[in-house]
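Numbering (the numbering used here), first residue to last: 12 to 451.
Worksheet: one structure, shown below.
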């Protein structure tokens, strides 16, 4: 569709080129009367999206977005998901409102969705025959495993691991950066179960010249070209061999949701979630920095040195994002709450810090002019899990307030109260989160 990387939703797509999106999304072909016709498979696709059959589909003008979609803020519903804000439908991307992240661990139905291509269909997935290949120029003994063999050969581990999209917060940058305009909700933390990546790699043999791993998944490129790889990212061996890096098949004690990688995915907390490949089919051990799709150019990279907003940065001056920056959210109450002046205002949230740990939480009610410590900051369940915090404040008089939250990590770095350094792709926004409170 019209926007680069196909990162565009159905409403904008129909606005830009309605007849083209008719053809690409639903297979509607147009004749001279501007009335098209739907192939049987495409008619079924449109009916599935709308939730009903379409008796007069043959009379529906081409280039006309169905009113059921045009009048909805959430044009597509995903099985097993609830309450998400849909940014895009081709590919599907959806974020979680902060108040739905208040659970200690994110329920599967609230886990954000970040796709680059089209996931495999559930009916095409056979867990019994699904295989994972370990190979690459620095792999001593290339091997294929079924999921059953992975479960049988290797010890199982469960870790709470926090995943955040590298572009979370992109919508706040100015000049705007291209890509999904995430606000704050492309983040989740839950308990993943699987086998350690290091155990599997060591079983297959790691050559001395190994420096990186890369993954390949079963998702289909948006173009439909089977020879094009949607995304193939990776990490240095040091990250791959960490105790908490998993090849996982379960989330919160259940199968991983389809749109989050079922039946098998990598989970490597603390780094951009794009390194945690979904629908996992292959891992390669490399003797060089992995050069798969979205590893080169400017994808998931920021300027190696700070630049002024709007600056064009050459590819050679862009560095790969590794550990994510310290960040926090106020997850209770929901922004816009009304509060009685006579009572203390109690609120809480989550905090995380990439590869590090959050050691301090502060809050402000005067736009960051002064700060006070949160009354409680829990330790993470394990390394790379997020942390729960609680705070309370007393408002001096009636009126409109903004409650701000600021986390500090174990290296002494704190969240900025305004936007961090601008970058061309709008990555790594860890500015302080805030909610509105009307005191009466």
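We treat Cβ as the ideally placed atom computed from N, Cα and C, and that holds for glycine.
*Would you kindly report the start and end of the unbroken alpha helix (DSSP H) that includes residue 334?*
As a first step, residue 334 is located in the chain shown; it is residue number 323 there, counting from the start. It is not in any alpha helix (DSSP H) - residue 334 carries neither H nor E in the DSSP assignment.
*Does DSSP classify residue 105 as helix, strand or coil?*
Start at 1 with the first residue of the chain shown, and residue 105 comes out as number 94. Strand.
*asked:* How far does the beta strand (DSSP E) with residue 145 in it extend, from its first residue to its last?
replied: Stepping through the chain shown from its first residue, residue 145 is reached at position 134. Run containing residue 145: 142-146, per the beta strand (DSSP E) assignment.
_Nonlocal neighbours in the same chain, by C-beta distance under 7 Å from residue 247, ignoring five residues either side_ = In the chain shown, counting from the first residue as 1, residue 247 sits at position 236. Within the same chain, residue 247 has close Cβ partners 222 and 223.
_Residues in the same chain with beta-carbon distance under 7 Å from residue 108, minus the five sequence neighbours each way, listed in chain order, please._
Within the chain shown, numbered from 1, the residue matching residue 108 stands at position 97. 94, 96 and 196, listed in sequence order.
*Would you mind giving the Cβ-Cβ distance between residue 277 and residue 208, rounded to the nearest angstrom? I have them listed as a contact below 8 Å.*
The sequence position of residue 277 within the chain shown is 266, counting from 1. The sequence position of residue 208 within the chain shown is 197, counting from 1. Between residue 208 and residue 277 the Cβ distance is about 7 Å, and since that is below 8 Å, they are a contact.
_Pick from 358, 301, 366 and 164 that is closest to residue 446, judged by C-alpha positions_ = Walking along the chain shown from the start, residue 446 turns up at place 435. Comparing Cα positions, the closest option is 358.
_Does the contact criterion of 3 or more C-beta pairs under 8 Å hold for the region 254-271 versus the region 165-181?_
yes
_For residue 125 and residue 453, believed in contact at Cβ under 8 Å, the rounded distance_ = No information on residue 453 is available, as it lies outside the stretch 12 to 451 that the chain covers here.
*Return the chain-ordered list of same chain residues with a C-beta closer than 8 Å to the C-beta of residue 337, the five sequence neighbours on each side being excluded.*
Mapped onto the chain shown, residue 337 falls at position 326. Within the same chain, residue 337 has close Cβ partners 362, 363, 364, 365, 367, 369, 418, 419, 420, 424, 425, 426 and 441.
_Could you tell me which whole alpha helix (DSSP H) segments of length 4 or greater appear in the region 215-263?_
248-251
*Any idea what DSSP makes of residue 287, helix, strand or coil?*
By 1-based counting over the chain shown, the position of residue 287 is 276. Residue 287 falls in the coil class under three-state DSSP.
*Which residues in the same chain have their Cβ closer than 7 Å to the Cβ of residue 119, if we skip the five residues on either side of it in sequence?*
Position 108 of the chain shown holds residue 119. Taken in chain order, the residues that qualify are 91, 262, 263, 265 and 268.
*With distances taken between CB atoms, is the gap from residue 356 to residue 413 smaller than 8 Å?*
Within the chain shown, residue 356 is the residue found at index 345, counting from 1. Within the chain shown, residue 413 is the residue found at index 402, counting from 1. Result no, Cβ atoms of residue 356 and residue 413 do not sit closer than 8 Å.
_In whole angstroms, give me the CA-to-CA distance for residue 299 and residue 401._
Taking the first residue of the chain shown as 1, we reach residue 299 at position 288. Taking the first residue of the chain shown as 1, we reach residue 401 at position 390. Distance between the alpha carbons of residue 299 and residue 401 is about 45 Å.
*Ends of the alpha helix (DSSP H) at residue 161?*
Sequence index remark: in the chain shown, residue 161 carries index 150 (1-based). Where residue 161 is concerned, the enclosing alpha helix (DSSP H) stretches over 158-164.
*Have a look at 141, 98 and 249 and flag the residue whose alpha-carbon is nearest the alpha-carbon of residue 293.*
Here residue 293 refers to the residue found at position 282 of the chain shown. The option with the nearest alpha carbon to residue 293 is 141.
*Does the Cβ of residue 411 have 16 or more other Cβ atoms within 10 Å, making it buried, or fewer, making it exposed?*
In the chain shown, residue 411 corresponds to position 400, counting from 1. Its Cβ having fewer than 16 others within 10 Å, residue 411 is exposed.
*Answer with buried or exposed for residue 150, where buried requires no fewer than 16 other C-beta atoms within 10 angstroms of its C-beta.*
Stepping through the chain shown from its first residue, residue 150 is reached at position 139. So residue 150 counts as buried.
*In its own chain, which residues sit with a C-beta less than 8 Å from the C-beta of residue 406, not counting the 5 before and 5 after it?*
Within the chain shown, residue 406 is the residue found at index 395, counting from 1. Cβ neighbours of residue 406 beyond the five flanking positions: 350, 352, 356, 376, 412, 448 and 450.
*Any idea which residues DSSP pairs residue 97 with across the strands?*
Sequence index remark: in the chain shown, residue 97 carries index 86 (1-based). DSSP lists 105 as partners of residue 97.
*Nearest-angstrom Cα distance between residue 383 and residue 373?*
Locating residue 383 in the chain shown gives position 372, where the first residue counts as 1. Locating residue 373 in the chain shown gives position 362, where the first residue counts as 1. Those two C-alpha atoms are separated by around 5 Å.
*asked:* Taking a contact to mean a Cβ-Cβ separation below 8 Å, would you say residue 416 touches residue 331 in this structure?
replied: As a working mapping, residue 416 is identified with position 405 in the chain shown. As a working mapping, residue 331 is identified with position 320 in the chain shown. No. Outside cutoff.
_What I want to know is whether the C-beta of residue 153 ends up closer than 7 Å to one or more non-hydrogen atoms of the ligand ZN._
Within the structure as shown, the ligand ZN is missing, as the structure has no ligands at all.
_Checking the sheet assignment: what are the DSSP bridge partners for residue 371?_
In the chain shown, the residue the question calls residue 371 occupies position 360. In DSSP, residue 371 forms a bridge with 419.
*asked:* Measuring alpha carbon to alpha carbon, tell me which residue in 154, 103, 436 and 133 is nearest residue 322.
replied: To locate residue 322, count along the chain shown from 1; it is residue 311. The shortest Cα separation from residue 322 among 154, 103, 436 and 133 belongs to 436.
*Could you pull out every residue in the same chain whose Cβ sits closer than 8 Å to the Cβ of residue 408, ignoring the five residues on either side in sequence?*
What you label residue 408 is simply residue 397 of the chain shown in a count that begins at 1. Closer than 8 Å at Cβ, skipping near neighbours: 352 and 450.
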